[in-house]
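A.B. asks: In my numbering, the protein residues as written are 2 to 231. Sharing a structure here in structure tokens format.
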């Protein structure tokens, strides 16, 4: 079983206003910085996954440690249930480690892992839809406040961004989270979602446009312009 999954720092509103780095230099660097984190590049992660197929415990641990923050962030935003992110992340790794002997490295291990995470979230929705509902689902912000201490830096921004993302159509939210928050290049997101790269770019652009307009409106409401009498 993979090691316990720690809670990563929340995504920040700055990631909405900054387009994800998609340059060749960014994709081929030994490490890549995403929302303040430095992580191993995809070839390194894929090499660890391939080494882990034979049960090498050191390779398994490196693979999990290099990818778990991305997985947790992705399932939290995709599911809209931050309080369930740890369980969804653990389920993702349980499935991935069972499937690892069949992984052949045809795609990056990170993309392969996030595709498993996506199926885990979809399966959770299907299971929830099949169960009788005894209680109404709790609101997103209340769940987020219980799942993460308010004293953490960026908490209020993280909740605000989560609320804005939750209002986006699922396809646009997936594309934005994978590029702007997880940090995948457009090519990998296209492979992961099964869409042409142009569609991914369009979804990210539209999502960012909506988020920027909503943020601008919120800031205007917080700091209204007072007209001066002539």
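In this text, a Cβ means the ideal position worked out from N, Cα and C, and glycines have one as well.
Is it a yes or a no for the segment 204 to 219 touching the segment 168 to 176, going by three-plus beta-carbon pairs under 8 Å?
C.D. replies: Counting Cβ pairs under 8 Å, three or more are found: they touch.
A.B. asks: Please list the segments of the alpha helix (DSSP H) lying wholly inside the segment 42 to 72, counting only runs of 4 or more residues, in order along the chain.
C.D. replies: Counting whole runs of 4 or more residues, the segment 42 to 72 contains the alpha helix (DSSP H) stretches 43 to 53.
A.B. asks: Excluding sequence positions up to five away, which residues of its chain have a Cβ less than 6 Å from the Cβ of residue 86?
C.D. replies: Cβ within range, chain order: 73, 76 and 77.
A.B. asks: May I ask you to report which of helix, strand or coil DSSP gives residue 169?
C.D. replies: The answer is coil: DSSP assigns residue 169 none of H, G, I, E or B.
A.B. asks: Only counting the same chain, and skipping five residues up and downstream in sequence, which positions put a Cβ closer than 7 Å to that of residue 68?
C.D. replies: Cβ neighbours of residue 68 beyond the five flanking positions: 46, 111 and 114.
A.B. asks: Can you tell me which of the three DSSP states residue 107 falls into?
C.D. replies: Three-state result, residue 107: coil.
A.B. asks: Could you check the C-alpha separation between residue 57 and residue 90 for me, to the nearest Å?
C.D. replies: Straight-line Cα distance between these residues: approximately 21 Å.
A.B. asks: Kindly indicate which three-state DSSP category residue 186 falls into: helix, strand or coil?
C.D. replies: Three-state DSSP puts residue 186 in coil, outside helix and strand.
A.B. asks: If we call anything under 8 Å between Cβ atoms a contact, is residue 109 one with residue 43?
C.D. replies: It is a contact, given that the beta carbons lie within the stated cut-off.
A.B. asks: Tell me whether the segment 49 to 64 and the segment 96 to 105 touch, counting them as touching only if at least three CB pairs, one residue from each stretch, are closer than 8 Å.
C.D. replies: With the cut-off at 8 Å, the segment 49 to 64 and the segment 96 to 105 touch.
A.B. asks: Can you name the start and end residues of the alpha helix (DSSP H) that residue 181 belongs to?
C.D. replies: From DSSP, residue 181 is part of no alpha helix (DSSP H); its letter is neither H nor E.
A.B. asks: Taking residue 91 as part of the alpha helix (DSSP H), name the residues at either end of that continuous run.
C.D. replies: Note, residue 91: alpha helix (DSSP H), 86 to 100.
A.B. asks: Hey, residue 193 and residue 116 are a contact pair by Cβ (cut 8 Å); roughly how many whole angstroms apart?
C.D. replies: That pair is a contact at about 6 Å.
A.B. asks: Would residue 177 and residue 209 be called neighbours here (beta carbons separated by less than 8 Å)?
C.D. replies: The answer is yes: Cβ separation under 8 Å.
A.B. asks: With DSSP run on the structure shown, which of helix, strand or coil describes residue 192?
C.D. replies: In this structure, residue 192 counts as helix in the three-state DSSP scheme.
A.B. asks: Could you tell me the alpha carbon to alpha carbon distance between residue 213 and residue 182, rounded to whole angstroms?
C.D. replies: Going by the C-alpha atoms only, they are around 15 Å apart.
A.B. asks: Using 8 Å as the threshold, is the C-beta distance between residue 118 and residue 93 below it?
C.D. replies: Yes, the Cβ-Cβ distance between residue 118 and residue 93 is below 8 Å.
A.B. asks: Quick check on this structure: which residue in 55, 122 and 164 has the alpha carbon closest to the alpha carbon of residue 219?
C.D. replies: Per the Cα distances, 164.
A.B. asks: Between residue 79 and residue 122, is the Cβ-Cβ spacing less than 8 Å?
C.D. replies: Going by C-beta atoms, residue 79 is nearer than 8 Å to residue 122.
A.B. asks: Can you list, in chain order, the residues of its chain whose CB lies under 6 Å from that of residue 71, leaving out five sequence neighbours each side?
C.D. replies: Contacts found: 183.
A.B. asks: Would you decide whether residue 217 is buried or exposed? Buried here means 16 or more other CB atoms lie within 10 Å of its CB.
C.D. replies: The residue in question, residue 217, is exposed, as its Cβ has fewer than 16 Cβ neighbours within 10 Å.
A.B. asks: With H, G and I counted as helix, E and B as strand and the rest as coil, what does DSSP make of residue 164?
C.D. replies: Here residue 164 sits in helix by DSSP.
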